[in-house]
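Chains as they are written, first to last, in this note's numbering: chain D, 1115 to 1222; chain C, 503 to 593.
Reviewing the structure listed below.
Rendered as structure tokens:
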């Protein structure tokens, strides 16, 4: 599968996907680590993808999303944003609802 | 100066009413992401161009304007992108 197909496969088959540097327990960048903390604070189920292990997908996703940095959070197949936006949504109290809605739909 | 270059590109692309760029690179020197040499910056930008746009779309406008700078010179960019109307409410 080419990288774009794999990206679509990931974001369409998982309600919440975080593309990040490293893993949730061992993030390789402070911004990725911060994003994980907000998702965990919301008690969200999420799939992560370590882009450091896949240079081809790492470059392809930047093109696909018109977003040049990581982390990138996808909910229901749509780009929500990077660290700044995730933080804004968390501070506004919206993030938990978005995540719960996406997770809830997936379970129903 | 990278901050000047960021300012120039954003001025040209978005014609902002206000723009402020802060270089936070020193605070991140030596961490894994800074090894490639890219700096950490924060931009506050007030522009009509953001009217009616979502946060994602606003950030995408900025990333597009900065183009190749995001590949090398900039490792991380904090963004506060607001419209003149929103800005006047913040005062």
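Built from N, CA and C at the ideal position, the CB exists for glycine as well.
These numbers were taken from a predicted model, which means no experiment stands behind them.
In the structure shown, residue 1163/D adopts extended strand secondary structure according to DSSP, grouped into three states. The three-state secondary structure of residue 1140/D, taken from DSSP, is coil. With the criterion set as a beta carbon lying under 8 Å from some beta carbon of chain D, the members of the stretch 538–566 of chain C are 557, 558, 561, 562, 565, 566, in sequence order. Contact annotation for residue 578/C against chain D: 1145, 1183 [CB-CB distance below 7 Å, chain order].
Residue 587/C carries a helical assignment under DSSP once its states are collapsed to helix, strand and coil. Taking the Cα of residue 1185/D as reference, the smallest distance to any Cα among 1127/D, 1136/D, 1211/D, 1129/D is reached at 1136/D. Below the 9 Å Cβ cutoff, chain C contributes no neighbours of residue 1150/D, its closest Cβ being approximately 15 Å away. At least one CB atom of chain D sits nearer than 7 Å to the CB of residue 581/C.
Residue pairing by DSSP places residue 520/C opposite 548/C in a beta bridge.
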